[in-house]
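Asks:
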Amino acid sequence: MTALKGSEIDAYVGRPDAGRPIALVYGPDAGLVRERVEALIKASVDDPNDPFALVRLDGDAIEPGRIAEEAHTVPLFGGRRAVWIKAGRSNLAPTVEALASDPPRDCRVIVEAGDLRKDAAIRLVCEKARTAVALPCYVDGDADLARLIDQEMKAAGLTIADDAKMLLVSLIGGDRQASRGELKKLALYGHGRGRIEVDDVLAVIADGAALALDDVINAVFAGKPAAFDAEFARARAAGTHPDRLVTTALRHAAQLHRARVAIDTGRPAQDALREGFRGLFFRREPAVRAALAAWTTPRLAQVMTDLAETATAVRRQADLADALCHRALLQTALRARQKR
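And the structure:
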C-alpha cells in the first residue's frame, strides 16, 4: 500500500521518488492540494512555463489514450517532463491503472482531485499500485497550524508571542493557501518589528470574518439558536471547515467541563476558569464565565460524547459534513437553554 501519511507526504513532495512516478493529490483542503501539486511540478520539471515540459490536461475533456501517450512521449530537446491532470467527473481509474502497470520512465504524472471517498476507484488504484502514491490533503489541525505559523515567521525573520500564536491558530485554517496568505500579510505588517504580538494579529487577521469561529462557539454555549444559525453561515462563508467547527466546540466543552468539575469540588470560580482555560483571550472571558455558570457537569459530559461522535462522522462522511456539524451544534445550543 502506498497511501502516504504525515512526514512521508512531505518527504515525497520535497523529493519525489522516481520509482513511483504517478501521484494522486486529493482532499478537502483545496489550498493544500494546490500547494502540493505546485511543489511536485516544481520538483519534476525545469521550467513549469514550458508547454513541452509540462502538459496540462482536463480529465473531463480528454480521450483515455491521451494520458498514456503524453506520459510516454520522449522530449524532443531532452529535459524532464510532467503531465498534470485535473480530475473531474470522468472515471480516470482504468487509465491510471493501465499507466501504473506500464509507468513512464522520464515523466511524472500528477492527478489533482478534490475530496474523495475511501472507496473512490482512482484512490484505490493509486493506493494499491507500487508505481503510484496517494497524497491526502486534510484540513490543518491546531498542531499543523502552529508549525505553519512558525515556518512563516521564521522565513520572515520574526518571532511571535505565545498568546499571539494561540489567537492566530484560532483565526486561520480551513485552506492551506488562504492561511499562508494571511500569515504572509501578518509578516509584512510586522516587518522591522522583530516580534509579533496580539495587537498585531488583531490589526491584521482578526477581522469580522476571521472571528466567526469564536462567535459560533459563543452562541452555541450561550444557548442562542438564532444567533448560532447566523454565525454558522458566516463562518462557513469565511471558509471555516465543518470539522474545525466541531473539534473547536468539543475542545471548548472539555475546557468548560474541567472548570466545572473544579468548581463542583470547591475551587473558586476564578481559579477554575484559569485552570480550565489557560491563555484565554480576554475578550472571550465574559462569554466563558456565563457558559460556566449555565452548564452543569453531567450535561457537559454528554455534550462531549455527542460532539466526539459527530467529529468522527464528519471525517467519515465528507458529503454530509455541513449537515452533521450544523445539527450537532444546534442541538448543543438548544441543550444550553435547559435548566438541568
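Numbering-wise (the working numbering), the sequence shown opens with residue 11 and increments by one.
Glycine is no exception: its CB is placed at the ideal position from the N, C-alpha and C atoms.
Quantities reported herein were computed from a predicted structural model and do not represent experimental measurements.
Mind the definition here: the segment 160-173 touches the segment 47-56 only if three or more C-beta pairs lie below 8 Å; say whether that holds.
Replies: Output reads no: the segment 47-56 does not touch the segment 160-173.
Asks: Taking only the alpha-carbon atoms, compute the straight-line gap between Gly-37 and Leu-126 and give it to the nearest angstrom.
Replies: Translated into positions along the sequence shown, residue 37 becomes position 27. Translated into positions along the sequence shown, residue 126 becomes position 116. Roughly 6 Å separates the two Cα atoms.
Asks: Would you report the Cα separation of Asp-217 and Lys-15, rounded to the nearest angstrom?
Replies: The residue you call residue 217 lines up with position 207 of the sequence shown. The residue you call residue 15 lines up with position 5 of the sequence shown. Residue confidence is low: Asp-217 scores 49 on pLDDT, short of 50, so the model does not pin down where it sits. Its coordinate-derived value is still stated next. Each residue's alpha carbon lies about 34 Å from the other.
Asks: Can you give, in chain order, each stretch of the alpha helix (DSSP H) that sits fully within the segment 111-143 and has at least 4 residues?
Replies: For the segment 111-143, whole alpha helix (DSSP H) runs of length 4 or above, ordered along the chain, are 131-138.
Asks: For the alpha helix (DSSP H) holding Asp-239, just list the boundary residues, first then last.
Replies: The residue given as residue 239 occupies position 229 in the sequence shown. Here the alpha helix (DSSP H) through Asp-239 covers 235-247.
Asks: According to the Cβ coordinates, are Ala-97 and Gly-75 closer than 9 Å?
Replies: Here residue 97 refers to the residue found at position 87 of the sequence shown. Here residue 75 refers to the residue found at position 65 of the sequence shown. It is not a contact, given that the beta carbons lie outside the stated cut-off.
Asks: With 16 other CB atoms within 10 Å as the buried threshold, where does Phe-62 fall?
Replies: For the purposes of this step, residue 62 is taken as residue 52 along the sequence shown, with counting starting at 1. Phe-62 comes out exposed.
Asks: Could you check the C-alpha separation between Gly-88 and Ala-123 for me, to the nearest Å?
Replies: One-based indexing of the sequence shown puts residue 88 at position 78. One-based indexing of the sequence shown puts residue 123 at position 113. Going by the C-alpha atoms only, they are around 29 Å apart.
Asks: Could you tell me the alpha carbon to alpha carbon distance between Pro-235 and Arg-140, rounded to whole angstroms?
Replies: Residue mapping note: residue 235 aligns to position 225 of the sequence shown, counting from 1. Residue mapping note: residue 140 aligns to position 130 of the sequence shown, counting from 1. Taking the straight line joining both Cα atoms gives about 51 Å.
Asks: When burial is assigned at 16 or more other CB atoms within 10 Å of the CB, is Pro-308 buried or exposed?
Replies: Position 298 of the sequence shown holds residue 308. With fewer than 16 other Cβ atoms within 10 Å, it is exposed.
Asks: Do you know offhand how far Ala-220's Cα is from Ala-166's?
Replies: Locating residue 220 in the sequence shown gives position 210, where the first residue counts as 1. Locating residue 166 in the sequence shown gives position 156, where the first residue counts as 1. In this predicted model, Ala-220 has a pLDDT of only 45, less than 50, meaning its place in the structure is not dependable enough to derive any value.
Asks: Would you call the CB atoms of Ala-28 and Leu-64 closer than 9 Å?
Replies: The sequence position of residue 28 within the sequence shown is 18, counting from 1. The sequence position of residue 64 within the sequence shown is 54, counting from 1. Not closer than 9 Å, so no.
Asks: Would you call the segment 236-243 and the segment 332-346 in contact, with 3 or more CB pairs under 8 Å?
Replies: Contact holds: three or more Cβ-Cβ distances are below 8 Å.
Asks: Output yes or no for whether 9 Å exceeds the beta carbon distance between Val-208 and Asp-152.
Replies: The residue given as residue 208 occupies position 198 in the sequence shown. The residue given as residue 152 occupies position 142 in the sequence shown. Not closer than 9 Å, so no.
Asks: Bridge partners of Pro-389, per DSSP?
Replies: With the chain represented from 11 up to 350, any question about residue 389 goes unanswered, as that position is not in the structure.
Asks: Restricting to Cα atoms, I'd like to know which of Ala-321, Phe-231, Ile-273, Arg-44 is closest to Pro-146.
Replies: Position 136 of the sequence shown holds residue 146. When each option's Cα is compared against that of Pro-146, the closest is Arg-44.
Asks: I think Val-256 touches Val-324, with their Cβ atoms under 8 Å apart; what is that distance to the nearest whole Å?
Replies: On the sequence shown, position 246 is the one that residue 256 refers to. On the sequence shown, position 314 is the one that residue 324 refers to. About 6 Å; that satisfies the 8 Å criterion.
Asks: Quick one: residues in its chain with C-beta nearer than 8 Å to the C-beta of Gly-24, no 5 flanking neighbours on either side, listed in chain order?
Replies: Indexing the sequence shown from 1 puts residue 24 at position 14. So the qualifying residues of the chain are Ala-49, Ala-53.
Asks: Work out the CA separation of Ala-300 and Gln-280 for me, nearest whole Å.
Replies: Within the sequence shown, the letter at position 270 stands for residue 280. Within the sequence shown, the letter at position 290 stands for residue 300. In a straight line, the C-alpha of Gln-280 is about 12 Å away from that of Ala-300.
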